[in-house]
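Following full-length UniProt numbering, the numbering of the sequence shown begins with 1 at its first residue and continues without gaps. Note that CB positions come from ideal geometry on N, CA and C, so glycine has one too. These numbers come from a predicted model, not from an experiment. These notes are about the structure you will find just below.
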Amino acid sequence: MDILEKETTKDIYALGGLQADGDNYFQISLLTVARRRVVWLLVLLVTNSITASILKTQREILQDVVALSFFIPLLTGTGGNVGAQSSTVVIRGMNTDEIWSLGSFQVIRREAIAGAVLGVILGTLATIWASVFIVPGQIAVAIAVGISLLAISLLASVAGSALPFLFRSLKLDPALMSAPSITTAVDVLGVLIYLNLARMILPSNSLN
Numbered sequence: 001m002d003i004l005e006k007e008t009t010k011d012i013y014a015l016g017g018l019q020a021d022g023d024n025y026f027q028i029s030l031l032t033v034a035r036r037r038v039v040w041l042l043v044l045l046v047t048n049s050i051t052a053s054i055l056k057t058q059r060e061i062l063q064d065v066v067a068l069s070f071f072i073p074l075l076t077g078t079g080g081n082v083g084a085q086s087s088t089v090v091i092r093g094m095n096t097d098e099i100w101s102l103g104s105f106q107v108i109r110r111e112a113i114a115g116a117v118l119g120v121i122l123g124t125l126a127t128i129w130a131s132v133f134i135v136p137g138q139i140a141v142a143i144a145v146g147i148s149l150l151a152i153s154l155l156a157s158v159a160g161s162a163l164p165f166l167f168r169s170l171k172l173d174p175a176l177m178s179a180p181s182i183t184t185a186v187d188v189l190g191v192l193i194y195l196n197l198a199r200m201i202l203p204s205n206s207l208n
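As structure tokens, then:
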């Protein structure tokens, strides 16, 4: 039971980007606590900086259609959650040997289909919600949000299921590496997908 508890604790810490060595939390100095957490927080800081740079390069469309900026946190947040769910399922399957009989391709394919289904459901709901409550009268913006949510959900599911296999093959801890990597992929690629889809969907007279 103690071994099971230690392994579970290690996995929980790893999913948060933390190193667990079995020390009692209250016996560890605050400096040590900060040192253990700062690496992945710096990774996420760099990720957010990249996202901010992308938004800067896309400032023209955001200035022309301010409503597009309303939905960026929703899209990246939902994508991150979808990716985290996929990676959690895959990492758990790796630890319990449940997925090796399927093979990595079948697992990624299964999660991609699940992501597409989730994307259709969430994208449809988001389109209706946006067009009725957030940007009434701007149906093109609402459609851009819905289609982007579908694409981002698919991307997040593929990334969340594929990255653990990649890190495992590179002899890296999938639980430790996956969370920040998924955040990076979803934030950076998600914003690019959203704003480029918006350029294609929005009528030309709404853009300068």
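Give me the Cα-Cα distance between D173 and F165, rounded to the nearest whole angstrom. 10 Å
Contacting residues, own chain, Cβ-Cβ under 7 Å from P199 (five flanking each side not counted): Residue 199 is actually Arg in this sequence, not Pro. I61, listed in sequence order.
Count Cβ pairs between the stretch 49-60 and the stretch 113-132 that sit closer than 8 Å; are there 3 or more? The stretch 49-60 is not in contact with the stretch 113-132.
Under a three-way DSSP split, which group does S101 fall into? coil
Per-residue DSSP class, three states only, for G137: Coil.
May I have a chain-ordered list of the alpha helix (DSSP H) segments no shorter than 4 residues that lie completely inside the UniProt domain "SLC41A/MgtE integral membrane" (72-196)? 72-96, 104-129 and 139-169
Nearest-angstrom beta carbon gap, S178 and S87 [assumed within contact, 8 Å]: 4 Å
Within 8 Å, do at least three Cβ pairs link the stretch 141-156 to the stretch 63-72? With a cut-off of 8 Å, the stretch 141-156 and the stretch 63-72 count as touching, because enough Cβ pairs lie within range.
State the DSSP-derived secondary structure class of I28, mapped to helix, strand or coil. The answer is coil: DSSP assigns I28 none of H, G, I, E or B.
With distances taken Cα to Cα, identify the nearest neighbour of L74 among S204, G190, E111 and V107. G190
Touching or not, the stretch 32-49 and the stretch 97-109, by the rule of three or more beta carbon pairs under 8 Å? As far as the Cβ criterion goes, the stretch 32-49 does not touch the stretch 97-109, which means the pair count is below three.
Is the Cβ-Cβ distance between L155 and A185 less than 8 Å? yes
Separation of L197 from G160, as counted between CA atoms: Their Cα atoms are separated by approximately 23 Å.
Throw me the rounded Cβ distance for the T47 and T183 pair, which I believe falls under 8 Å. 6 Å
L202 in three-state terms, based on DSSP: coil
Just how far apart, CA to CA, sit L4 and G93? Because L4 sits at a pLDDT of 48, beneath the cut-off of 50, its placement in the model cannot be relied upon, and the point is left open.
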